[in-house]
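Under the UniProt record's numbering, the residues of the sequence shown are numbered 1 to 303, in order. A virtual CB, placed ideally from N, CA and C, is assigned to each residue, including glycine. All of these numbers come straight from a predicted model, not from anything done at the bench.
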Amino acid sequence: MLQNGVGRGVVWNRHPWGPISAPLEIQAIRSLQDDLIHNLIHCRSFFIFCRYPEGRPDMSHVTITDAVAVFFALVIDACLPVSSFHLIYANKHSRTLIMDMRRLPKLLYRQPQFKLVWGNLRKLSLEQYLTLDNFGFLLELVLSAPNLQILLLNLGSHDLAAEFMHELAESAEFSGLCELALFRTSIQGPDLNKILRKVRANLTILTLFHVTLAPGSDWTPFLKELAQGFTALCHISLYYLWASTPAKGLVNFPNIQKTPNSCISKDQNLNMLYSEEDSPTVLGVEYSGSRVSDVLSLLQGSP
């Protein structure tokens with residue numbers, strides 16, 4: 001969209017350190033805010049996409065990260081009860097990209113109005129490659145949303161992502177979370193178990209795609225934990241799970257082919273992803289129905 005001229009014809013004054021100064025004094029932004037308050041009264045879900053590497057262009061250019069800064073200035077000033085927010089920095093191959101943090105206010109999440117607005121959030125999607133620059137900002141977007149029901153994270157499979165998940169395990173409440181999706185992310189086994197214990201009562205949907213367990217952790221205890229006590233769980237999607245111990249490799253599920261007919265009746269659904277080999281193995285499982293614990297028990301028996 002920016003390539004088609006978004007921002008042209010508007011004077012974007014900046015602070016010397018990067019962010020746009022006084023964005024709400026710009027007539028176009030003020031008009032948008034007025035529309036959201038008075039006309040688009042049901043518009044409380046917001047999507048911001050960046051599909052190409054943003055890099056670090058000259059500050060005379062308007063970028064997607066500038067749009068992020070304007071969004072927060074707008075909703076905080078108006079105290080809009082944002083219900084869902086999706087911040088997607090990823091290309092068409094789902095490879096995560098990076099924000100230009102120079103363009104964002106540094107202590108946005110310290111503002112009392114931000115806490116008020118973000119307390120309404122029910123659904124949050126964050127897809128972005130973690131760096132030391134964006135770590136704190138993205139973490140606060142999660143921690144400042146105590147009423148989340150749906151959380152999707154795509155952070156990159158590296159050590160900083162594991163640290164991010166550790167901070168969530170230690171500090172996030174997740175008392176009402178019913179859907180959790182992790183994509184291309186690293187995590188330690190104990191942290192994954194701690195997060196799952198927090199959401200045990202309400203979790204209905206769990207998606208893990210290209211998730212890597214940090215060295216020293218094993219998927220088997222996690223699958224065992226998941227099969228016990230998650231009475232609300234009715235949908236699992238587990239694809240391309242990576243183990244780092246004893247050596248890094250994909251987990252496979254040979255025993256899932258022994259699934260009883262009771263798990264594949266008309267009111268249930270089971271799909272399997274096979275490797276492209278002469279003797280294909282099962283690398284992914286998606287199941288929805290009332291027999292989640294039975295399916296998870298079969299997954300535990302996999303090497």
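Nearest neighbour of E173, chosen from G284, P146, A22 and T65 [CA to CA] | Within the sequence shown, residue 173 is the residue found at index 173, counting from 1. If we check each option's Cα against that of E173, P146 comes out closest.
Best match in Q228, S237 and E167 for proximity to L182 [C-alpha to C-alpha] = The sequence position of residue 182 within the sequence shown is 182, counting from 1. Nearest C-alpha to L182: S237.
Label T231 either buried or exposed according to how many other C-beta atoms from any shown protein chain fall within 10 Å of its C-beta, with 16 as the threshold for buried.
-> Looking up residue 231 in the sequence shown gives position 231. Burial call: exposed.
Check whether Q128 and M99 have beta carbons under 9 Å apart | Indexing the sequence shown from 1 puts residue 128 at position 128. Indexing the sequence shown from 1 puts residue 99 at position 99. Result yes, Cβ atoms of Q128 and M99 sit closer than 9 Å.
Taking P221 as the reference, which of H15, G55, L296 and N134 has the closest Cα?
-> The residue given as residue 221 occupies position 221 in the sequence shown. When each option's Cα is compared against that of P221, the closest is L296.
Find out if the Cβ-Cβ distance for the pair V199, L180 is shorter than 9 Å.
-> Residue 199 sits at position 199 when you count from the first residue of the sequence shown. Residue 180 sits at position 180 when you count from the first residue of the sequence shown. Their beta carbons are under 9 Å apart, which means V199 touches L180 by this criterion.
For V199, which of helix, strand or coil comes out of DSSP?
-> Position 199 of the sequence shown, counting from 1, holds the residue named residue 199. Residue state, collapsed to three classes: helix.
Among Q300, R122 and R110, which has the Cα closest to the Cα of L46?
-> Looking up residue 46 in the sequence shown gives position 46. What sits at residue 46 in the sequence shown is Phe, not Leu. Nearest C-alpha to F46 among Q300, R122 and R110: R122.
Under the assumption that H235 contacts T281 (Cβ atoms under 8 Å), give the Cβ distance between them as a whole number of angstroms.
-> In the sequence shown, the residue the question calls residue 235 occupies position 235. In the sequence shown, the residue the question calls residue 281 occupies position 281. Between T281 and H235 the Cβ distance is about 23 Å, and since that is not below 8 Å, they are no contact.
Inter-residue Cα distance where the pair is Q257 and L283 | Taking the sequence shown and counting its residues from 1, the one referred to as residue 257 is at position 257. Taking the sequence shown and counting its residues from 1, the one referred to as residue 283 is at position 283. Q257 and L283: Cα-Cα distance of roughly 12 Å.
Length of the line joining the Cα atoms of R102 and V117 | One-based indexing of the sequence shown puts residue 102 at position 102. One-based indexing of the sequence shown puts residue 117 at position 117. So the alpha carbons of these two residues sit roughly 23 Å apart.
List in chain order: all unbroken alpha helix (DSSP H) runs of 4+ residues lying wholly within the segment 110 to 176.
-> 112 to 118, 135 to 143 and 159 to 171
What are the residues that DSSP puts in a beta bridge with G289?
-> Indexing the sequence shown from 1 puts residue 289 at position 289. DSSP lists no partner for G289.
The alpha helix (DSSP H) spanning S275 covers which residue range?
-> For the purposes of this step, residue 275 is taken as residue 275 along the sequence shown, with counting starting at 1. Run containing S275: none; DSSP gives neither H nor E here.
Taking just the CA atoms, how far does F114 sit from I26?
-> As a first step, residue 26 is located in the sequence shown; it is residue number 26 there, counting from the start. As a first step, residue 114 is located in the sequence shown; it is residue number 114 there, counting from the start. For I26 and F114, the distance between alpha carbons rounds to 21 Å.
Between I48 and L87, which are expected to be in contact by the criterion C-beta below 8 Å, what is the C-beta distance as a whole number of angstroms?
-> Walking along the sequence shown from the start, residue 48 turns up at place 48. Walking along the sequence shown from the start, residue 87 turns up at place 87. Beta-carbon to beta-carbon, I48 and L87 are separated by about 5 Å, close enough to satisfy the 8 Å threshold.
Mind checking whether L241 and L250 have CB atoms under 9 Å apart?
-> On the sequence shown, residue 241 is found 241 positions in, with the first residue counted as 1. On the sequence shown, residue 250 is found 250 positions in, with the first residue counted as 1. Cβ distance < 9 Å, so L241 and L250 count as in contact.
Could you pull out every unbroken alpha helix (DSSP H) segment of at least 4 residues lying fully inside the segment 213 to 256, listed in chain order?
-> 219 to 226
Residues that DSSP places opposite I88 in a beta bridge | Here residue 88 is taken as the residue at index 88 of the sequence shown, counted from 1. Looking at the DSSP assignment, I88 forms a beta bridge with F49 and E127.
Considering only residues of the same chain and omitting the five flanking positions on each side of V292, which have a CB-CB separation below 7 Å?
-> Mapped onto the sequence shown, residue 292 falls at position 292. Counting only Cβ-Cβ distances below 7 Å, and skipping sequence neighbours, we find L233, C234 and I236.
Residue span of the beta strand (DSSP E) that contains A73, given as start and end | Residue numbering aside, residue 73 sits at position 73 when the sequence shown is read from its first letter. That residue, A73, is in no beta strand (DSSP E); its alpha helix (DSSP H) goes I64 to A78.
Quick one, which of V75, F137, C50 and H61 has its alpha-carbon nearest R44's?
-> Numbered from 1 along the sequence shown, position 44 holds the residue referred to as residue 44. Ranking V75, F137, C50 and H61 by Cα distance to R44 puts V75 first.
Quick one: give me the first and last residue of the beta strand (DSSP E) that S186 is part of.
-> Your numbering for residue 186 matches position 186 in the sequence shown. Run containing S186: E179 to I187, per the beta strand (DSSP E) assignment.
Through-space distance from D159 to V11, alpha-carbon basis | Taking the sequence shown and counting its residues from 1, one reaches residue 11 at position 11. Taking the sequence shown and counting its residues from 1, one reaches residue 159 at position 159. So the alpha carbons of these two residues sit roughly 41 Å apart.
Which one or two residues does DSSP pair with R14 in a beta bridge?
-> Position 14 of the sequence shown, counted from the start, is the residue given in the question as residue 14. BP columns for R14 point to I20.
Contact belief for R149 with G189 at Cβ below 8 Å, rounded distance in angstroms | Here the question's residue 149 lines up with position 149 in the sequence shown. Here the question's residue 189 lines up with position 189 in the sequence shown. Note that residue 149 is Gln in the sequence shown, not Arg. Not confirmed; about 25 Å, so no contact.
Backbone CA spacing between A90 and N39 [nearest angstrom] = Indexing the sequence shown from 1 puts residue 90 at position 90. Indexing the sequence shown from 1 puts residue 39 at position 39. Roughly 31 Å between the two C-alpha positions.
Going by other Cβ atoms of all chains shown within 10 Å of its Cβ, with 16 needed for buried, is N269 buried or exposed?
-> The sequence position of residue 269 within the sequence shown is 269, counting from 1. With fewer than 16 other Cβ atoms within 10 Å, it is exposed.
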